[in-house]
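Undergrad: One structure is given below, represented as structure tokens, and several questions about it will come after.
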Amino acid sequence: MTQDRVPQEITLETNTPAYFFSKGLPGFEQLKEFSLKEHNDIFSLLSAADQPEVTFITVNPFDFVPDYEFILPEDTIYELGVKDEKQVSVRCIVTWHSDRSKVSVNLLAPLIFNTVDRKGKQIVLQNTTYTTKHPLWTDSPKTDEGGDS
32 MTQDRVPQEI TLETNTPAYF FSKGLPGFEQ LKEFSLKEHN DIFSLLSAAD
82 QPEVTFITVN PFDFVPDYEF ILPEDTIYEL GVKDEKQVSV RCIVTWHSDR
132 SKVSVNLLAP LIFNTVDRKG KQIVLQNTTY TTKHPLWTDS PKTDEGGDS
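Okay, here's the thing in structure tokens:
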């Protein structure tokens with residue numbers, strides 16, 4: 032690299048939508064504004080505006096669990112100002128692990144976004160069999176080598 036070339040700054044946040052979470056996220060109630068940025072075709076990153084080191088990996092749960100379904104509670108519809116289902120986007124938080132077979136997704140507590148009004152909320156589903164540790168990759172080989180079952 033020659034001295035006369037100045038590296039270009041990369042602005043990552045200019046087209047990243049920001050969402051307001053009136054109650055924050057569980058465990059991060061003090062953080063109210065989050066950006067949601069596509070990382071690639073599968074993963075998005077949800078980052079706190081005030082503390083960007085607080086970042087969650089998220090996925091569209093319907094890409095991994097096609098029969099994933101739940102009824103959006105009326106209070107959530109009201110709180111987020113949803114007037115049409117086309118305004119709603121759903122993401123779920125991924126727990127990453129270096130061992131691909133241990134990567135999981137939290138289907139029990141999806142993130143609900145109003146993509147028009149830019150509001151978000153994490154809800155906890157009731158009376159469901161969904162878990163916080165659903166395997167993300169169902170094509171991973173199963174092993175019986177101990178650990179939690």
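Using the working numbering, you'd call the opening residue of the sequence shown number 32 and step up by one each time.
Even glycine gets a Cβ: it sits at the ideal position worked out from N, Cα and C.
Helix or strand or just coil, what does DSSP make of Phe65?
TA: Here Phe65 sits in strand by DSSP.
Undergrad: Reducing DSSP to helix, strand and coil, say where Thr107 ends up.
TA: Three-state result, Thr107: helix.
Undergrad: To the nearest angstrom, report how far apart Thr159 and Ala49 are at their CA atoms.
TA: If I take the Cα positions, the gap works out to 30 Å.
Undergrad: Can you confirm whether the stretch 75–93 touches the stretch 116–133 when touching is taken to mean that 3 or more C-beta pairs between the two stretches lie within less than 8 Å?
TA: Cβ pair count under 8 Å is three or more, so yes.
Undergrad: With DSSP as the reference, label Pro166 as helix, strand or coil.
TA: Three-state result, Pro166: strand.
Undergrad: Does DSSP put Gln153 in a helix, a strand or coil?
TA: Gln153: strand per DSSP, three-state reduction.
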